[in-house]
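2 protein chains.
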Amino acid sequence: MNRVAVLGAGNGGLSIGAFLSLSGCSVQLFDKFPAAIEQIREAGGVTLKGVSRTGFAKFDMITTNVVEAIEGCRMILVVTPAFAHRELAETMAPYLDRGQKIVLNPGRTAGAIEFHMRAKAINPKADFVVAEAQSLIYACRKTGPAEVTIFKVKNEMALAALPATRTEEVLQELKPFYPQFIAAENVLETSLLNIGAIFHPTPALLNIARIENKELFEYYMDGITPCVSNVLERIDAERVAVAKAFGVKTMTCIEWLEDVYGSPHTDSDSIYEAVQKQDGYRGIEAPQNPFARYISEDVPMSLVPLAEFGRITGVPTPTMNLMIDLANLIHQKDYRAEGRTLARLGLEGVFLDDLKKFVATGTPLP
Amino acid sequence: MNRVAVLGAGNGGLSIGAFLSLSGCSVQLFDKFPAAIEQIREAGGVTLKGVSRTGFAKFDMITTNVVEAIEGCRMILVVTPAFAHRELAETMAPYLDRGQKIVLNPGRTAGAIEFHMRAKAINPKADFVVAEAQSLIYACRKTGPAEVTIFKVKNEMALAALPATRTEEVLQELKPFYPQFIAAENVLETSLLNIGAIFHPTPALLNIARIENKELFEYYMDGITPCVSNVLERIDAERVAVAKAFGVKTMTCIEWLEDVYGSPHTDSDSIYEAVQKQDGYRGIEAPQNPFARYISEDVPMSLVPLAEFGRITGVPTPTMNLMIDLANLIHQKDYRAEGRTLARLGLEGVFLDDLKKFVATGTPLP
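Chains as they are written, first to last, in full-length UniProt numbering: chain A, 1 to 366; chain Z, 1 to 366.
Okay, structure coming up:
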């Protein structure tokens with residue numbers, strides 16, 4: 001992947017772009033919003049700090065035109081909020097004609113499916129493969145107008161292509177730069193291990209007043225109390241039940257915390273306890289905007305498709321449904337209408353077995 | 001009402017008992033919990049401070065035995081949490097044989113109905129009348145081991161007896177001491193104007209983490225933000241729709257705030273705005289216990305019966321239902337099972353018109 005497109009100039013996109021540039025790639029950076037790239041364009045790139053490579057990372061193109069950005073790139077790394085995936089797929093579809101590999105970092109839930117379905121709807125002959133990472137590989141932040149800092153690189157990151165028979169190709173392409181990516185069984189596994197669906201909307205909604213008051217508090221440490229944890233555990237149990245019904249392996253949220261961050265004790269009885277043991281969560285401040293992406297992205301792009309996957313599998317998801325309804329009430333929105341429903345994904349009426357074949361081998365849906 | 005029983009030795013019961021004692025009544029005070037009355041018994045009464053009568057108020061009886069407390073009393077003032085009404089009705093039923101007048105201060109929603117039904121179920125020949133006040137007449141607090149302070153006396157307080165044909169009798173008995181009580185049309189009016197159902201459970205649930213963390217914050221001023229207000233307005237609209245379906249007059253929450261507390265401007269577009277204008281709410285601290293009565297009393301005793309009244313009237317109450325479900329998740333309880341459902345009130349399957357006749361004139365339910 002010598003010439004690579006990085007779509008999204010937020011914390012994640014800038015970190016990935018800078019790392020690849022410092023690793024010898026020619027990076028073409030895109031962001032939809034001129035304000036997001038203005039100062040980076042002036043600098044010609046960004047300074048990368050932190051625990052990975054460091055130094056000034058030049059970008060060979062910095063543009064608000066996605067078609068320009070992907071020109072000549074075999075690899076396209078998407079590092080935008082999930083609600084942008086649909087539009088990107090539609091805009092890029094006519095230009096996806098040479099087997100481009102597209103990786104969503106991350107897909108949230110059903111990102112690869114939505115991208116694939118939209119691009120194919122616009123351009124049925126499109127030739128590409130889309131994959132989704134289970135999460136963002138970095139803990140990172142923009143630390144200056146043209147500066148970004150990587151605080152932590154995750155040791156392992158599950159990734160799956162759609163169909164899963166093509167996962168290995170995508171991994172091989174990423175390997176020289178990102179050996180951390182490992183194969184998940186399929187995109188249902190990555191989509192169902194979306195732990196953001198547990199940790200983002202519910203604590204934000206149950207702390208909405210202090211978030212709206214711009215109170216400074218630690219999101220995980222102070223925001224997830226035993227009472228909040230009671231709700232998180234129910235949502236997590238629903239997610240795990242859906243994964244089981246799909247026959248993909250998953251972890252409980254508590255197991256995931258132990259796995260990803262390591263845990264001094266593995267005997268946590270509750271998500272509350274497990275979170276309190278994760279020093280990695282210490283110091284993470286809550287958002288100061290009640291419309292933050294913890295709700296406005298993770299309700300439509302994580303909870304809605306998880307609950308919809310519940311419908312396909314016949315697994316009830318009353319707690320997820322309740323939190324979606326609560327977000328709708330609090331934000332006066334209809335996050336189902338703008339979220340990843342089965343209808344929007346092109347999966348309404350699809351049977352469990354047909355969906356499993358589709359994500360495994362690409363067998364067209366009936 | 002020379003000899004009067006006051007049931008409940010909390011803020012409200014002590015204030016009412018002390019005021020009546022200082023007004024020349026012989027007061028018999030009851031509380032179920034020995035700890036609640038121990039120091040009052042040692043003192044022989046309480047010192048009343050504040051804006052009403054002041055001085056040492058002697059109680060002629062201080063007991064944990066409710067049967068003792070009501071002996072020889074024509075008037076029984078109940079000033080307990082609403083979840084105690086049922087048990088009090090059951091315990092007192094055999095002794096309600098001389099037309100005693102019982103006033104619930106307040107009834108929350110359906111308090112008089114529940115008291116009436118339970119007492120009659122235990123003792124079909126019981127002779128009494130039960131009334132409910134729409135709220136507590138005082139803003140008051142226990143300010144010492146045997147001291148209570150009244151900060152504010154409400155100018156007007158709606159009250160209705162069950163049946164409404166007997167409201168006037170109860171008002172006449174109260175009048176020498178409490179001329180503030182005025183007749184509501186019936187107990188549906190007082191029950192449906194339960195503004196605690198709006199202001200108590202929802203803000204507490206949407207601030208549950210900081211309440212559990214014992215953070216000091218102003219419950220109304222900081223706890224009700226525009227986002228929280230969005231939910232309150234939906235619940236209030238459901239309550240008003242139920243009242244309309246019953247044909248009883250009511251007020252919106254915003255009108256109520258203007259009516260009860262007076263308002264510098266009457267043009268509030270939201271409950272948030274209306275609350276911010278109420279100086280009376282300034283300084284009221286949030287509870288520091290996530291299981292506080294704002295949830296544990298007001299969900300089963302206010303929201304549950306309001307939603308159940310919705311069922312009788314055919315008015316949907318999805319937002320109330322959602323908050324009940326959320327409280328159940330957060331507290332790991334089943335507040336419907338322990339709440340004032342139609343079944344528990346003896347009203348399952350009752351028709352709207354029959355209930356209206358019952359509360360108006362006492363016409364037995366079919």
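We put the beta carbon where it would ideally sit given N, CA and C, even for glycine.
Per-residue burial, residue i [other beta carbons within 10 Å of its own, 16 or more giving buried]
| i | result |
| --- | --- |
| Phe33 (chain Z) | exposed |
| Glu238 (chain A) | buried |
| residue 376 (chain A) | With chain A covering only 1 through 366, there is no way to say anything about residue 376 (chain A). |
| Ala121 (chain Z) | exposed |
| Thr190 (chain Z) | buried |
| Arg344 (chain A) | buried |
| Lys277 (chain A) | buried |
| Arg234 (chain A) | buried |
| residue 368 (chain Z) | Outside the modelled stretch of chain Z, which goes from 1 to 366, sits residue 368 (chain Z), for which no answer is possible. |
| Thr317 (chain Z) | buried |
| Ala337 (chain Z) | exposed |
| Arg340 (chain Z) | buried |
| Leu188 (chain A) | buried |
| Asn65 (chain Z) | exposed |
| Phe19 (chain A) | buried |
| Pro203 (chain Z) | buried |
| Phe351 (chain A) | exposed |
| residue 372 (chain Z) | Chain Z is shown only over 1 to 366; residue 372 (chain Z) falls outside these bounds and no answer can be derived. |
| Val27 (chain A) | buried |
| Gly24 (chain Z) | exposed |
| Asp97 (chain A) | exposed |
| Arg282 (chain A) | exposed |
| Ile284 (chain Z) | exposed |
| Asn207 (chain Z) | buried |
Residue i and residue j closer than 8 Å at C-beta
| i | j | result |
| --- | --- | --- |
| Ala131 (chain Z) | Ala89 (chain Z) | no |
| Ser21 (chain A) | Ile150 (chain A) | no |
| Arg118 (chain Z) | Arg86 (chain Z) | yes |
| Ser270 (chain A) | Pro226 (chain A) | yes |
| Val79 (chain Z) | Ile16 (chain Z) | yes |
| Ser236 (chain Z) | Ile198 (chain Z) | Residue identity check: residue 236 (chain Z) is Asp in the sequence provided, not Ser. Yes, these two residues count as a Cβ contact at 8 Å. |
| Leu171 (chain Z) | Phe181 (chain Z) | yes |
| Glu168 (chain Z) | Ala183 (chain Z) | yes |
| Ala133 (chain A) | Lys152 (chain A) | no |
| Gly45 (chain A) | Phe59 (chain A) | yes |
| Phe83 (chain Z) | Met301 (chain Z) | yes |
| Arg141 (chain Z) | Asn11 (chain Z) | yes |
| Ile295 (chain Z) | Leu205 (chain Z) | yes |
| Ala360 (chain A) | Asn186 (chain A) | yes |
CB contact check: residue i to chain A, cutoff 8 Å
| i | result |
| --- | --- |
| Asn289 (chain Z) | no |
Cβ of residue i within 8 Å of any chain Z Cβ
| i | result |
| --- | --- |
| Gln332 (chain A) | yes |
Counting only runs that start and end within the region 297-344 of chain A, where is the alpha helix (DSSP H) found for 4 or more residues in a row?
-> Fully contained in the region 297-344 of chain A are the following alpha helix (DSSP H) runs of length 4 or more, in chain order: 304-313 and 318-331.
Selection of the region 206-228 of chain A by Cβ proximity to chain Z, strictly under 9 Å = Leu206, Asn207, Ile208, Ala209, Arg210, Ile211, Glu212, Asn213, Glu215, Phe217, Asp222, Gly223, Ile224, Thr225, Pro226, Cys227 and Val228
Considering only residues of the region 211-240 of chain A, which uninterrupted beta strand (DSSP E) runs meet the minimum length of 3 residues and lie entirely inside it, listed in chain order?
-> none
Members of the region 229-251 of chain Z near chain A, C-beta cut-off 7 Å | Asn230, Val231 and Arg234
At what residue ranges does the region 4-64 of chain Z contain a whole run of the alpha helix (DSSP H), taking only runs of 4 or more?
-> The qualifying runs are 11-22 and 34-43.
Alpha helix (DSSP H) segments (min. 4 residues) lying fully within the region 143-203 of chain Z = 167-174, 187-192 and 196-199
Below 8 Å between beta carbons is the criterion; list the residues of the region 315-342 of chain Z that meet it against any residue of chain A, in chain order.
-> Pro318, Thr319, Leu322, Asp325, Leu326, Leu329, Ile330, His331 and Gln332
Only counting runs of 4 or more residues, tell me where the alpha helix (DSSP H) segments fall wholly within the region 71-134 of chain Z, in order along the chain.
-> 85-92 and 111-122
For the region 257-287 of chain Z, list the beta strand (DSSP E) runs that are entirely contained and at least 3 residues long, ordered along the chain.
-> Counting whole runs of 3 or more residues, the region 257-287 of chain Z contains no beta strand (DSSP E) stretch at all.
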